[in-house]
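Below is one structure, written out as structure tokens; comments come after it.
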Amino acid sequence: MKRHYEVAVVGGGISGCALFYQLARYTDVKSLSLFEKYEDLATLNSRGECNSQTIHCGDIETNYDFEKAKKVSVAARMVVKYALMHGYAGEFMFSHQKMVLGVGEEESAALRERFSKFREIYPYLRLFEKDELKILEPNVVLNADKSGDRSEEIVAMGVQSGEYTTIDFGRAAKSFVKNARDAASKENRDAEVFLSCEIERIVRASDGFCLTAKDGLEFSANYVVVDAGAHSLFLAHKMGYGLDYSCLPVAGSFYMSDKRLLKGKVYMVQNPKLPFAALHGDADILADGRTRFGPTALMMPKLERYRGSATFWDFLKTLRFDGKVARSMFELLCDSEIRNYLFKNFAYEIPCINRRLFVKAARKIVPSLAYEDVRYARNFGGVRPQVLDKTSGRLMLGEAGINTGEGISFNMTPSPGATSCMANALRDAREVCAFLGRKFNEDKFAAELLD
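Residue numbers for the sequence shown follow the numbering used here, beginning at 6 and rising by one.
Here it is as structure tokens:
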């Protein structure tokens, strides 16, 4: 006899765990289930080694326009307030120095202009001139031979202290599940978690949907939310949804230094043509503050990294290659900036030359960075499921999803999906309640997680 739940969440990363928490704490849904294919929660992109550990609130992310920054700042604050409410500050959420660095006249002028406008959203922002940067991040100012200051004009915008900037999203995901189960237990509701339980088939049933695991176990649910990263689109395609979307997985790699070259986070100004993160350096909270540089960006024919070749075939099915995909990829490669960026990042993965080329690029942040200062960080980095809209031929930047309106939805969450996990969960929890006729406690949510 298959077990039945009102709501089933497929995927135990930060997004699925955040939704599981909100449904348990803020709704009157009677029974919940969370399915994770691997032996533990948050083993893929949410794992601390697979992302930059940054709370992307939009203050130093120069690829966010004003409206997106306002939206993201609210989403990020939900994560911070959650961690503060449960006492996780200093445990897996930290207040660190962070900034975005402008190098040269053009970038410096753009940062000054952005600073004057975006202070409306972030009143704590400061502009750091070269003299102050010497104190805050001395290695950013020193020239290549450490004999004096770098010659280019540089300016930075950011925050020195007082704002929470850094989080271990993997531990946050596990905390969501723990607190969800505690909340459900207090009200005698079911909130079950199934690890090593890969859902490979979802079909309509008389009582909603039937979910079949790889080991043959069957479950059913009135409402299903799929938060399985790149595999969300894979499962959607199996059900006939989202066939006008393709997935182009982009892998990010990092380089690690055994030195503490930076005191905090130093980001570079984003190229507006490129949907991928600009190079940055971080004091890694899982590596005793040693500096991690990255990420690179490499198109990869796999939906998951470091898991062998098993997801190569899943990638081919999710790509749904046809003339529209070919034309879109050709148009991307026709842009010289995008083409050169992709080729350069491919070179960052080639043994023998990768480290030398990467160090040359990272010297924009630390001019004195030497070849022997960094090493390729093995088993670091994840895969971003970059979604391609085949109808428009455009890459869908930010979060992408499919809400069928039929009791099942699919979320694909590229950056800043982890930071926006609570806002995305709020949207989904409201939709679940509206569909099932359940109640979402707006007052409690606002009191706990909104300013």
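Think of the CB as a built atom: it goes at the ideal place given N, C-alpha and C, for glycine as much as any other residue.
Could you check which residue in the options has the C-alpha nearest to that of residue i?
i	options	result
Cys22	Leu37, Arg8, Asp33	Leu37
Lys179	Pro128, Pro300, Glu44	Glu44
Arg265	Ala94, Ala185, Thr296, Phe174	Thr296
Asp212	Asp220, Phe224, Lys219, Ala218	Phe224
Glu112	Asn68, Ala288, Tyr127	Asn68
Val271	Ala452, His101, Asn446	His101
Gln165	His236, Leu267, Asn227	Leu267
Met496	Ala226, Gly245, Asp433, Ile290	Residue numbering for the chain in the displayed model covers 6 to 456; residue 496 lies beyond these limits and cannot be assessed.
Gly269	Trp318, Leu141, Leu324	Leu141
Asn56	Cys339, Leu284, Phe450, Arg332	Leu284
Excluding sequence positions up to five away, which residues of its chain have a Cβ less than 8 angstroms from the Cβ of residue i?
i	result
Met427	Ala23, Gln27, Ala80, Met83, Val84, Tyr87, Leu454
Lys35	Glu11, Arg194, Asp195
Ile343	Lys278, Leu279, Leu337
Leu216	Ala13, Val15, Phe40, Ile204, Arg206, Ile207, Glu223, Phe224, Ser225, Ala226, Val229
Alpha carbon to alpha carbon, how far is residue j from residue i? Give it in angstroms, no decimals.
i	j	result
Ser397	Arg435	29 angstroms
Gly163	Ser258	25 angstroms
Phe125	Asp70	Reading off the sequence shown, one finds Glu at residue 125, where the question assumed Phe. Cα-Cα distance, rounded: 13 angstroms.
Ala382	Ile172	19 angstroms
Ile19	Val231	12 angstroms
Cys62	Lys395	30 angstroms
Asn384	Glu309	12 angstroms
Leu147	Ala114	21 angstroms
Glu362	Lys349	The sequence shown places Leu at residue 362, rather than the Glu named in the question. Those two C-alpha atoms are separated by around 8 angstroms.
Thr59	Thr424	8 angstroms
Arg399	Asn429	22 angstroms
Gly95	Phe326	47 angstroms
Lys365	Ala189	52 angstroms
Met104	Asp448	35 angstroms
Phe133	Gly153	18 angstroms
Check whether the Cβ atoms of residue i and residue j sit closer than 8 angstroms, and answer yes or no.
i	j	result
Leu240	Phe351	no
Leu106	Met334	no
Gly234	Pro390	yes
Gly410	Met417	no
Asn144	Val379	no
Tyr250	Thr301	no
Met401	Val392	yes
Arg30	Ala149	no
Tyr228	Val77	no
Identify, in the order they occur along the chain, each residue of the same chain with its Cβ nearer than 6 angstroms to the Cβ of residue i, setting aside the five sequence neighbours on each side.
i	result
Glu66	none
Phe40	Val15, Phe199, Cys202, Ile204
Glu110	Glu158
Gly175	Ala47, Ser51, Arg52, Gly53
Leu324	Ser251
Within a Cβ cutoff of 7 angstroms, which residues of the same chain sit near residue i, ignoring the five residues on either side of it in sequence?
i	result
Val108	Glu157, Ile159, Lys369
Asp263	Arg295
Asp433	Leu24, Val230, Ser414
Checklist entry - Does the region 204-212 touch the region 51-71, meaning 3 or more C-beta pairs lie closer than 8 angstroms? => result no
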